[in-house]
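In the numbering used here, the protein residues as written are 1 to 120.
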């Protein structure tokens with residue numbers, strides 16, 4: 001579901017960071033998350049022979065590895081219309097079911113903003 005309300009500047013920032021990561025690294029997706037202290041973690045898709053992570057999974061892992069204990073928001077820039085279930089699960093694991101997951105098109109246009117959702 002797309003929200004027609006103006007985007008919060010902090011949410012716009014993580015979309016911009018995610019978009020930059022995607023473009024800079026030439027990967028299918030870019031993502032950024034904001035932790036409980038306002039710090040941001042930016043990542044792109046990881047596609048190694050031995051390790052495959054989406055951009056959002058990588059950003060969440062970076063936040064955890066840096067000591068974050070919760071998330072305020074997450075953003076992914078992708079060609080997909082919505083965040084994958086595994087991506088929302090990673091956000092939910094750290095941020096909880098109400099953490100917003102922003103999905104933006106490669107040009108930065110917000111496509112959807114949905115909560116990470118309940119565990120399945």
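Think of the CB as a built atom: it goes at the ideal place given N, C-alpha and C, for glycine as much as any other residue.
Values in this document were obtained by computation on a predicted structure and should not be read as measured data.
For this session: Measure the CB-CB distance between residue 78 and residue 42 and report whether it falls below 8 Å.
Result: no
Problem set entry | Reduced DSSP secondary structure (H/G/I, E/B, other) of residue 103 | strand
Exercise. When we look at the beta-carbon of residue 100 and count the other beta-carbons within 10 Å, is it buried (16 or more) or exposed?
Worked result: buried
Problem set entry | Nearest neighbour of residue 70, chosen from 52, 44, 92, 87 [CA to CA] | 92
Exercise. Is DSSP giving residue 17 helix, strand or coil here?
Worked result: helix
Exercise. When burial is assigned at 16 or more other CB atoms within 10 Å of the CB, is residue 36 buried or exposed?
Worked result: exposed
For this session: List the endpoints of the continuous beta strand (DSSP E) containing residue 65.
Result: Looking at the DSSP string, residue 65 is not in any beta strand (DSSP E); the run it does join, the alpha helix (DSSP H), is 55 to 65.
Exercise. For residue 22, does the count of other Cβ atoms within 10 angstroms reach 16, so buried, or fall short, so exposed?
Worked result: buried
Exercise. Looking at the unbroken beta strand (DSSP E) that takes in residue 34, where does it start and where does it end?
Worked result: 30 to 35
Problem set entry | residue 115 in three-state terms, based on DSSP | strand
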